[in-house]
Amino acid sequence: MSQEYLDPEILADFFVEAKEHLETIEPNLLQLEKSPENLGLLNEIFRPMHSLKGASGFLGLHKINGLAHKAENILDELRQGAMAVNSGIMDIILAATDALRTMVDNLETTGQEGDVDTTSIIARIESALAGEESGSSVPVSDATEGMDDTGVEAEEPMAPEVTYADLAEPLPQEADGPVTIRWQNVPYVPAPGFDPTPYTLTTVGDGHLNDFLEEARDLVASLNQGLLDLEKNPDAGGDLVNDIFRYFHNIKGNSGIIGYRELNALTHEAETLLNRVRKGEMGTSRGIIDLLLAVVDLIEELLGRIDMESGKATPRDISMMAAVLQASTEAGDLSVPEQYLAVLAPEFEGGAQTRPSAGKGVQQEPESTDAVVDSGETGSSLPSDGTSASWEADPELAAKADASSVDPGGSQSGGYDPEDVAIFEQAVLHQHKSLDLSLEMLRKDPAQRELIDGVYRSLTTIQNSCGYMGLADVRNYAERTANLVDQARKSDMDFDLMLDILSQEIAILKDMVLGALASVKGGGAPASAASSAQQPEAKPEPKPEPEPKPKSEPKPEARPAPKPEPVSALKQEQKPMAPPAAAAPKPAPAAAGRISTPPPTAAQQAFEAGQAPQQKGATTIRVDHQKLDHLMNLIGELIINRNRYSMLARALEDGHEDVSTVAQQLTETTYAMARISDDLQDTIMKVRMVPVHTVFSRFPRLVRDLSRKSGKQVELITEGEETELDKSVGEEIGDPLVHLIRNSLDHGIEPEEERIAAGKNPKGHVWLRAYHKGNSVAIEVEDDGRGIDPEKMRQVGVKKGLVTPEEAKLLDDRQAVDLIFAPGFSSAEKITDISGRGVGMDVVKTNIKNLKGNIQINSEVGRGSRFTLTLPLTLAIIDALMVQVGKDMYAIPLDAVSETTKIEVERLSEVNHRKAITLRGEVLGIIELSDLLGLPPNPEDRDILPVVIIHDNDRRLGIVVDRLLERQEIVIKPLGQYLNGFEIRGISGATIMGDGSVVLILDPHEVYSLATATTKQGGHGGD
């Protein structure tokens, strides 16, 4: 593809990334040739090659993509242990790397990939693969060879031998209306035998897991937006569908690399469904869009189950969602397997005669809309009626479903697929050879970090392989040994001290693996099951408790439930997720049983064990290299000036220089240092800035779900997404904005018939905009709904006991509307699951206050409301006006200062029991800062008063101080940990001056509120 047809900015990023990937690959290849057993190096080579393949496919660079794809195939064979590293293989991969570099250079300089001979290199790769296939190699079936016209390899996953087509064929729509399918509030009941024990993910080097999460979250945001665009424009064409396909594909590939079993399997099924859509074999109905959005929600939940500190993932059963995806792929539209109808369509629990249409007649129940939209199978969800989930189903159908449910780490009954056995044998024997070699080399040099990492990787691979085959005992022993190595490599202990113990452990593990291998090659049950009689510690699989249990129902083989293990994308496509139909024991057709949930205690234990760790915010920021270059230049100037200070200090000590000369040089150096520090601060602030788009991107999905839930047509319009703010501020404003948008849709936007009656557009609109306002960022949430009625606010305030009837009469319209921020305030006549419980708006105000910002409401009855959040650009450093009251100094944020002036006492008058002055035609309230803070009044009899005029949004107030000092840049320090249990109103923080003294920082919004309250108290007291 010609460069002229591609976005120059995207191409520039591609050139940078591609060169980085190639620069990583080549030295690692040379190192791998010296250490062919080093699996860590192989992974370090595979990852950039995989990324290069994906990026070139996205841009439609067919030659680069095709060669990278072939190189990836041979690297994957080496990773799987199906081929051995030798000089011939290295020559082929190095030749491919050289060709890739040449094509990237050609593309950058000429706009074309050039006439690079990739055919001969691809032929050499295919020859190497074919030679291994005829010998000891395991055939590669990662994806169909070749590419479609989109530039993405046209993967054709192997069809499962058991499908859901016979269980979930689309049926005609019922006469009484469409069936409601719910994706939220679905009771999470793990399948019998599901093990929620966290397992270790396979990562390579520091930061790999963080990189995975960062990229995955970006892809989730792209998936949400892409699916919403596809819903609005189903005929958008192949490009949009291809983009969505690539997002799922990238998550699948990346999760396969780290061994995240559930995420890999889920995205594999979603990708398979989208592959049919790409080929035009099925459409994108509303049901399919809802299904894929539910999948995205589940992906978000799975990402939240990764614990960064331990590097482990907490498993979550995805079999129901995967089953729906498989059934829908087979049927060509949304289809729900019958055993899940009672959960996803509970009104059809009565029996098969009312089985719903799984296609066009299915109505999707809109999703729940919590601050973070829950997944379709949210682990923390409970049924709306508080009951446990149970449903009627045909046992034979249930058995089929159990046999074909996607349980990527699951086990089988009966024999093993010969191909699986061959893969397993190749993998474990290769890893044991690697372990033996690594231990031998470690005895010579125990400090070789790469060898220790290699031992850990080999043990993890054996652990994963045994888990995949259902060998629970062997898998557990391998995991225990791997954890032992992991603890040692993360500590400062001498690895030489544990070599003997480790050798014994690995020898025991090897015997267990060989015994298990003999068992599976003999076609018997897993070794863990066969040996369960001799090993009482083996945990048997928990079984459901049928009521009553039919006598004709055959008993399945007793075996322990294997722990879920990561399965790479390659292995998934080599082996369908569902086991062969023949391997699943079928109950007698006449046996009518009841499928019920496990006992509450077991379910609760499973739920508690499956709790995901708290998800943390992103820990990295993308920085333009020019900013980093500028930082380096500033550091250089800083060092030069530091040396000048040292030189001047020596000159003063020696006394050789004239004092006046040294003083002049010192002044010049100080000026230079001030300039550098200002520039340094400005550059650092710019580095921390992120576009508000990172926050806004989550809300189109939220508005879509809320509008579906409420039955209203609502469109979200975003403006100013390129506006930048500090990363720490951006991470904190998400939840307040969620509350504001929820309230706008639930309380602000009227139902369609009400809007039509009022002469409005039936479709409501919500605007989310951001813009810079001085040294602050303003974010507005505006709607064209019914507005806020001040009189109703007064009535509700009295009813809730927030104000007395007398106080309510004294409130102006703005103050009445501000009652909405009072704790427990709610004007909703009906509580919904969207809002109306009286919580949320007070939390919004508290959160904004914690960010040193404020919130203002402008509302007009019948026209709509606008909430304006004013936030500081940064929470670290601000400009402030320093003032003095008595002997103490205070700082007032300069953003809140309108002006400073001095007024004559004789000009003061009294308006509504409050001192005031007319300044340029404006009546301005005046109050002493000492009165607000409870300080002793100034004893001096003054004729002239220094006044600082502050503003709180569009309200102004004059504050009398003793002295106006100077403007300073100050560093904000929080006071919470020092003043725990004390409430100091009007103070937002503190700063430390150059002499070490502490100065309190005033909160302008609180100062205005205090002044208003003080005036009221004074007024009542005088009545």
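Numbering (full-length UniProt numbering), first residue to last: 1 to 1023.
Ideal Cβ positions, reconstructed from N, Cα and C, are used throughout, including at glycine.
A quick note: this is a predicted structure, and the numbers were derived from the prediction, not measured.
Nearest to SER51 (by Cα), restricted to the options GLU17, ALA427, ARG79: The shortest Cα separation from SER51 among GLU17, ALA427, ARG79 belongs to GLU17.
PRO936 to VAL885 span [Cα, whole Å]: 9 Å
What do you reckon, are the CB atoms on LEU292 and GLU262 nearer than 7 Å? No, the pair does not count as a contact, with Cβ atoms beyond the cut-off.
Starting from LEU41 and walking both ways along the beta strand (DSSP E), at which residues does that stretch end? Counting along the chain, LEU41 falls outside any beta strand (DSSP E), though it belongs to the alpha helix (DSSP H) covering 39-59.
Write down the C-beta distance between VAL766 and LEU716 rounded to the nearest angstrom, noting that I regard them as a contact closer than 8 Å. Going by Cβ atoms, the distance from VAL766 to LEU716 rounds to 5 Å, so yes, they are a contact pair.
Reduced DSSP secondary structure (H/G/I, E/B, other) of GLU573: Residue confidence is low: GLU573 scores 36 on pLDDT, short of 50, so the model does not pin down where it sits. No coordinate-derived value is stated.
When you compare only the Cα positions, how much space is there between residue 1057 and GLU505? Shown here, the chain extends from 1 to 1023; a query on residue 1057 therefore has no answer.
For ALA99, report the span of its alpha helix (DSSP H) as first-last. 87-110
One question on the structure: do LEU924 and ILE779 come within less than 7 Å of each other, judged by their Cβ atoms? No; because the gap between Cβ atoms is not below 7 Å, this pair is not in contact.
For GLY114, report the span of its beta strand (DSSP E) as first-last. For GLY114, no beta strand (DSSP E) segment is defined, and its DSSP state is neither H nor E.
Using three-state DSSP, classify THR197 as helix, strand or coil. coil
Closer than 8 Å is the cut-off here; do at least three beta carbon pairs connect the region 696-704 with the region 750-757? no
Which ranges does the alpha helix (DSSP H) cover as unbroken runs of at least 4 residues, wholly within the UniProt domain "CheW-like" (877-1013), from first to last along the chain? You should have 929-933.
Taking 8 Å as the cut-off, does the region 929-947 touch the region 956-970 (at least 3 CB pairs, one atom from each stretch)? Between the region 956-970 and the region 929-947 there are three or more inter-stretch CB-CB distances shorter than 8 Å, so the stretches are counted as touching.
Environment of PRO48 [buried if 16+ CB atoms lie within 10 Å]: buried
Pull up the distance between the alpha-carbon of THR110 and that of LEU94, whole angstroms please. 24 Å
Closer than 8 Å is the cut-off here; do at least three beta carbon pairs connect the region 705-713 with the region 731-745? yes
Using the C-alpha atoms, what's the distance from SER859 back to GLY958? One alpha carbon belongs to GLY958, the other to SER859, and they sit about 27 Å apart.
Beta-carbon within less than 8 Å of PRO762's beta-carbon, same chain only, minus the 5 sequence neighbours each way: which residues are those? Only GLN713, GLU752, ARG755, ILE756 meet the Cβ criterion.
Applying the 10 Å Cβ sphere with the 16-neighbour rule, what's the burial state of LYS799? exposed
Considering only C-alpha positions, which residue in the set THR284, TYR199, ASN953 is nearest to ASP235? THR284
When the Cα of SER465 is compared with those of GLN80, LEU919, ILE452, which residue comes out closest? Closest by C-alpha distance to SER465, out of GLN80, LEU919, ILE452, is GLN80.
Would DSSP call ARG622 helix, strand or coil? coil
Mark GLY921 as exposed unless 16 or more other C-beta atoms lie within 10 angstroms of its C-beta, in which case mark it buried. Residue environment: GLY921 is assigned as exposed (fewer than 16 neighbouring CB atoms within 10 Å of its CB, all protein chains considered).
Just curious, the alpha helix (DSSP H) that ALA270 is in, first and last residue? 261-278
What's the C-alpha gap between LYS727 and ILE635? 23 Å
Cβ of GLY785 within 7 Å of Cβ of GLY853? no
From the DSSP output, in three-state form, read off ASN233 for me. coil
Would the region 243-253 and the region 207-224 be scored as touching if the rule is three or more Cβ pairs under 8 Å? yes
Distance cutoff 7 Å, beta carbons only. Does ILE288 sit that close to anything in chain D? As a matter of chain content, chain D is missing from the structure shown, which is built from one protein chain.
Is it true that the CB of MET889 sits closer than 7 Å to the CB of GLN968? no
Out of curiosity, what's the CA-to-CA distance linking MET498 and ARG286? 59 Å
Span of the alpha helix (DSSP H), counted from its first residue to its last, around PHE245: 238-258
Outcome for PRO939 when other beta-carbon atoms lying within 10 angstroms are tallied against a minimum of 16: Flag for PRO939 reads exposed.
Continuous alpha helix (DSSP H) stretch holding SER458: start and end: SER458 -> alpha helix (DSSP H) spans 449-469.
With a Cβ-Cβ cutoff of 7 Å, do ILE877 and VAL999 count as a contact? no
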